[in-house]
Structures are given as structure tokens and as C-alpha cells.
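Heads up, the sequence shown is in this note's numbering, so the first residue is 119 and it goes up one at a time. Worksheet for the structure shown next.
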Amino acid sequence: RENMPEGMIGAQGPANGGSYSTTPMHDDYKPGGIDYFSEQKVTYCDGEAQRLPHEIFIGQDGRAYDVHGNLVDTSGARVISVDGKRTKTTGKAIFVMDSSGRIFIEMLPQRYKFHHSTFISGKSVAMAGEIQITNGQIVFINNNSGYYKPVGAFLENIKMELISRGVEVSSIVFKNVSPF
119 RENMPEGMIG
129 AQGPANGGSY
139 STTPMHDDYK
149 PGGIDYFSEQ
159 KVTYCDGEAQ
169 RLPHEIFIGQ
179 DGRAYDVHGN
189 LVDTSGARVI
199 SVDGKRTKTT
209 GKAIFVMDSS
219 GRIFIEMLPQ
229 RYKFHHSTFI
239 SGKSVAMAGE
249 IQITNGQIVF
259 INNNSGYYKP
269 VGAFLENIKM
279 ELISRGVEVS
289 SIVFKNVSPF
């Protein structure tokens with residue numbers, strides 16, 4: 119694929135050659151929803167040039183890399199307050215996976231500005247949640263996303279995608295945190 123670092127493994131998609139099952143953005147954030155006003159302020163990645171810096175790739179060593187070929191590490195990931203003046207270190211990035219298996223992360227999400235819906239402009243996702251990566255090793259994934267509210271079964275989508283890219287998933291903690 120174009121724009122992928124050399125030697126990296128990009129999205130593989132499901133073994134059946136189709137696309138992963140997806141879940142739409144929750145109705146609360148769509149026109150007429152109770153939080154639609156807040157969604158109107160959220161920035162969207164409106165094309166490949168805006169999405170690509172957020173995409174992660176898997177190297178032949180099974181570790182996660184950014185578009186520049188650097189190991190990904192979320193230990194410095196923080197959440198930024200609404201006013202942009204305060205941060206809270208979480209060590210986890212927000213992420214989404216699209217229907218083809220592409221994975222996008224953001225380590226500095228900000229309320230009312232950058233959310234799970236940002237990556238693919240509010241379209242349906244195959245998975246959304248939080249991801250913790252240490253020196254390229256994916257160690258934790260959950261389905262914590264109020265925008266998409268993915269049920270626990272969607273964790274299987276990202277697990278299958280990572281396996282298809284050669285990631286050893288037995289040491290990754292997959293946690294269903296949503297009551298949805």
C-alpha cells in the first residue's frame with residue numbers, strides 16, 4: 119500500500135476477504151441526538167492526508183509502528199480538558215478500526231474537539247476503544263467508547279486483525295468495559 123513504511127504490515131481485513139462487521143456512531147451524537155451539539159464541534163479527518171498520521175502499522179517483529187517507522191508508545195498519552203488547559207495522563211490512546219482493518223490512534227484526545235468519531239468522519243467502525251502500547255508491544259485493548267458503544271463481541275474484530283498481521287495476542291489483555 120502507498121504511504122506505508124517499508125517492511126510494515128498494513129490492514130489485512132477479515133480472512134473471508136470481505137469486511138469486518140461494524141457498529142454505527144451512537145444516536146446521541148447524530149442530528150437530533152442529545153449530544154449532537156457537542157458532536158458538531160468535533161474535528162473530522164476528511165481525507166487520507168489527515169488520517170494517515172494516526173494510522174499504526176505492524177512490523178515483521180509483531181510490534182506497532184507509526185507512519186514514519188517509529189515504534190509506538192502510549193505511555194505519554196493524555197486526555198485534554200474542554201478548555202485545553204489541563205491534561206490527565208492515562209497511558210492509553212483512543213483508537214478505532216475501520217471495516218477493512220485499518221487502525222487509527224490518538225494520544226491527545228480533547229473533549230468536544232477530537233473523539234473516536236474524528237478518525238473516519240463519524241462513519242461506522244469495526245471497533246473503538248482504548249489501546250495501550252509499550253515500546254511497540256500492544257499490551258491492552260478495551261472497548262471504552264461512548265461515541266460508538268461497541269459491544270464486547272467487537273473486540274474479536276481487532277483480535278482477528280492483529281492475528282492476521284502476525285501479532286502474538288496471547289499476552290494482550292482484551293477487556294470488555296462497556297455495559298452496552
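Where a beta carbon is used, it is the ideal one built from N, C-alpha and C, also for glycine. Please read these numbers as outputs of a predicted model, since none were measured by experiment.
Compute the Euclidean distance between the alpha carbons of residue i and residue j, then round it to the nearest angstrom.
i: Ser235; j: Ser263; result: 10 Å
i: Val291; j: Asp146; result: 29 Å
i: Ser239; j: Ser288; result: 32 Å
i: Asn261; j: Ile223; result: 13 Å
i: Glu279; j: Glu166; result: 21 Å
i: Ile221; j: Lys241; result: 14 Å
i: Asp164; j: Phe237; result: 8 Å
i: Phe213; j: Lys293; result: 14 Å
i: Ala271; j: Gly187; result: 31 Å
In the DSSP assignment, find the beta strand (DSSP E) that holds residue i and state where it starts and stops.
i: Ile198; result: 196 to 198
i: Ala246; result: 245 to 252
i: Lys206; result: 205 to 207
List the endpoints of the continuous alpha helix (DSSP H) containing residue i.
i: Gln178; result: Premise fails: Gln178 is in no alpha helix (DSSP H) and is neither H nor E.
i: Arg169; result: 166 to 169
Under 8 Å between the Cβ atoms of residue i and residue j?
i: Thr141; j: Ser217; result: no
i: Gly254; j: Tyr183; result: yes
i: Leu170; j: Val160; result: no
i: Gly131; j: Ser137; result: yes
i: Ile176; j: Met126; result: yes
i: Arg196; j: Lys206; result: yes
i: Val285; j: Ile256; result: yes
i: Gly180; j: Met225; result: no
i: Pro227; j: Met245; result: no
i: Gln250; j: Lys210; result: yes
DSSP has residue i in a bridge; who is on the other side?
i: Phe292; result: Ile259
i: Phe237; result: None, per the DSSP bridge assignment.
i: Phe105; result: This structure cannot settle anything about residue 105, because the visible part of the chain is limited to 119 through 298.
i: Ile223; result: Phe213
i: Ile127; result: Ile176
i: Thr192; result: Answer is none; Thr192 lacks a bridge partner.
i: Thr141; result: Val243
With a threshold of 7 Å (Cβ to nearest heavy atom), would residue i be considered close to the ligand SAH?
i: Leu280; result: As presented, the structure is devoid of all ligands, the ligand SAH included, so that no description of it is given.
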